[in-house]
Each structure stands twice: as structure tokens, then as C-alpha cells.
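Encoded as C-alpha cells, the structure appears first; notes follow it.
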Ligand SMILES: CC(=O)N[C@@H]([C@@H](O)[C@H](O)[C@H](O)CO)[C@@H](O)CC(=O)C(=O)O
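In our numbering, the protein residues as written are 8 to 314.
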């Protein structure tokens with residue numbers, strides 16, 4: 008199956024949306040999803056790291072997916088992150104994603120317990136077997152502590168339903184090796200936004216990223232430059248994007264900073280949940296400056312505004 012024609016491209020790893028009391032706010036979830044529809048992205052990655060899926064209850068995660076699907080089904084491709092600490096919860100979320108009409112599911116390994124390769128394989132396998140949806144491995148060893156081996160990747164990729172890997176490790180060599188080991192139609196999504204261009208050059212079919220959420224048009228432009236073989240223009244744009252990312256990473260939490268920037272554009276999503284720290288009033292002025300910089304760059308590259 009040619010999965011690339013359905014899934015290749017740019018996915019915003021969507022942020023959580025809470026009300027002022029920190030509860031999931033479904034109207035805000037919908038407004039955030041709607042905001043991305045006209046930006047040129049392929050789709051949304053819902054409930055991943057940026058979406059704080061693992062900080063939410065299963066019931067909340069279900070509600071978020073329902074709201075996103077109600078809002079953008081048919082307009083954006085939706086990949087639902089279903090990774091949870093218990094296999095049971097993940098399987099429930101898989102089945103629910105399928106009922107809602109999601110396009111694919113994806114999962115990290117379970118965290119906290121030090122798991123063997125066999126244990127992670129069994130965890131993912133139950134999810135894969137629970138629905139007819141395509142499954143995308145989420146490899147993010149720096150946060151989960153689990154390093155996906157080439158052998159496990161090969162075994163997983165032998166199954167038709169396992170269509171790709173979201174590669175959030177930082178090695179582009181490993182990314183290329185996963186692509187080579189996965190077989191002809193196996194997809195690789197670049198994870199580190201700072202290395203999007205490098206990931207594409209080494210074989211990634213697209214990217215899934217958290218910082219895309221505050222500059223989706225810039226990542227779409229970067230992707231187009233790569234596709235048009237305008238590598239020098241792409242390099243210049245990636246460098247400009249990286250200055251923005253460097254700044255975003257200097258705040259108490261990346262997600263807090265991105266959520267505040269969205270609020271400056273009229274998209275309220277509340278604060279991230281603890282233990283992720285919010286940004287506070289002392290950061291607001293510099294974030295407003297950063298937002299302005301993003302808006303100017305977006306206007307320069309696309310002739311549009313972000314708001
Ligand atoms: C380690 C990490 O959190 N990586 C992020 C990046 O988008 C990351 O925030 C960005 O490259 C800034 O470092 C994504 O790969 C995570 C992601 O897509 C998600 O939210 O699920």
C-alpha cells in the first residue's frame with residue numbers, strides 16, 4: 008500500500024486546550040483544531056507529547072479526540088496518540104479512535120517500568136490487533152528511556168498495519184537506517200523540529216512537531232522548498248526557524264510559551280498542566296516580541312498572517 012500519498016507531509020502536534028481551571032475545554036480544542044485547517048498542513052497529531060496525552064485521563068483523551076474529529080474530520084488527516092502506561096488503556100483509546108473515524112493511531116512504549124523489547128512489542132501488538140487502523144510507532148528515547156532497536160523495528164514493520172515511525176530521536180543516521188529497514192512503503196516522520204530539513208534530506212516523508220503549532224506556514228514552506236529541491240533557501244529558512252525554537256526553549260516550558268503565543272492570536276488554550284510549568288507575566292513581553300517575529304517571517308515567506 009502506498010501510504011505516502013495519504014500520510015506524507017506536515018503534522019502539527021496539537022497542544023492541549025484547557026479552561027482557566029485547568030479542565031479540558033472542548034470549545035477551545037475545536038477552535039485550536041480549526042485554526043490549522045487553512046495553514047497548508049496535512050494533519051494533526053492529537054494527544055502526543057505537546058498534547059499532554061499522558062497527563063490526561065482516558066475519559067479526557069477520548070473527549071479531545073471526539074472534539075477534534077467533529078471539527079476537522081475530512082479536512083485534516085488525524086493521527087491519534089494512544090500511548091498510555093497500561094496496555095488496556097491504550098487498547099481502549101485505539102478502539103475509540105477508530106470509532107471516531109481517526110486516520111491512524113500511534114504510541115510510545117509504556118513508561119516508568121524498565122521494559123524489555125518483548126514487553127514493548129506485546130504492548131504495541133495488542134494495540135495493533137485491536138483495530139483496523141494503521142499504526143505509527145512513536146520513538147522518543149530521550150523521554151521514555153526505551154531505545155527502539157533495528158530488530159524490533161524490522162519485526163513491527165513486517166506487518167501491513169505498521170506503516171511508519173515517528174522518529175523523535177536526534178540521530179538522522181538512525182532515521183535513515185529506520186527508513187531503510189522498514190521496507191519500500193514504510194514512512195518515517197521527523198521528530199526534532201530543529202532538524203526538519205536534515206531529516207527530510209536523510210529520508211523522512213514529513214514531520215510531526217510541537218513548534219509547528221505556532222508557525223505551521225513556515226514549516227509548510229520549508230517542506231515545499233525541500234520538495235522543489237531549493238536546498239539553500241530551505242537551509243536559510245530552517246536557520247531562521249531555529250532561532251525561534253531556541254528562544255521558545257528558553258522559557259519555563261516550551262508548551263507554556265507556545266500556548267501563550269497562541270493566546271496572542273486569539274486562540275486561548277490555558278496553561279499546560281503541572282508538572283509542566285506555565286509561563287508567567289514576566290515572560291509576556293518577550294513572547295509578544297517573538298510572536299511578532301514569527302508573524303513577520305510568515306508574512307515574508309507566504310504573504311499571509313498567522314492570525
Ligand atoms: C522531544 C520532543 O518533545 N520533541 C517534539 C518536538 O516538536 C520538539 O518539541 C521540538 O523539536 C523542540 O525541541 C516532538 O517530536 C514531539 C511531538 O511531536 C509530540 O508532541 O508528540
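We treat Cβ as the ideally placed atom computed from N, Cα and C, and that holds for glycine.
DSSP places residue 54 outside both helix and strand once states are collapsed to three, so it counts as coil.
Judged by DSSP in its simplified three-state form, residue 170 adopts strand. In this structure residue 72 is not in contact with residue 51, their Cβ atoms being roughly 10 Å apart against a cut-off of 8 Å. Going by DSSP, residue 16 is part of the beta strand (DSSP E) stretching over 16 to 20. About 5 Å separates the CB atoms of residue 298 and residue 268; that is less than 8 Å, so the two are in contact. DSSP lists no bridge partner for residue 127. Within the region 37 to 96, the complete beta strand (DSSP E) segments of 3 residues or longer fall at 50 to 53 and 84 to 88, listed in chain order.
With a minimum length of 4 residues, the unbroken runs of alpha helix (DSSP H) contained wholly in the region 231 to 284 fall at 238 to 255 and 261 to 271. Residue range 194 to 197 is occupied by the beta strand (DSSP E) that includes residue 197.
A distance criterion of 8 Å places the beta-carbon of residue 45 beyond contact range of ligand 1, judged by its closest non-hydrogen atom. Relative to the non-hydrogen atoms of ligand 1, the Cβ of residue 130 never comes closer than 8 Å to any of them. When the alpha-carbon of residue 273 is set against those of 9, 12 and 42, the nearest one is in 42. For residue 185, no beta strand (DSSP E) run applies; the uninterrupted alpha helix (DSSP H) run containing it begins and ends at 179 to 189, by DSSP. When the five nearest sequence neighbours on each side are left out, the beta carbons in the same chain lying within less than 6 Å of the beta carbon of residue 15 are those of 212 and 213, in order along the chain. The way I'd put it, the region 176 to 186 doesn't touch the region 218 to 228; fewer than three beta-carbon pairs between them come closer than 8 Å. For residue 308, there is no enclosing beta strand (DSSP E); the residue is part of the alpha helix (DSSP H) that begins and ends at 288 to 309. Distances from the alpha-carbon of residue 128 to those of 139, 285, 146 and 204 put 146 closest.
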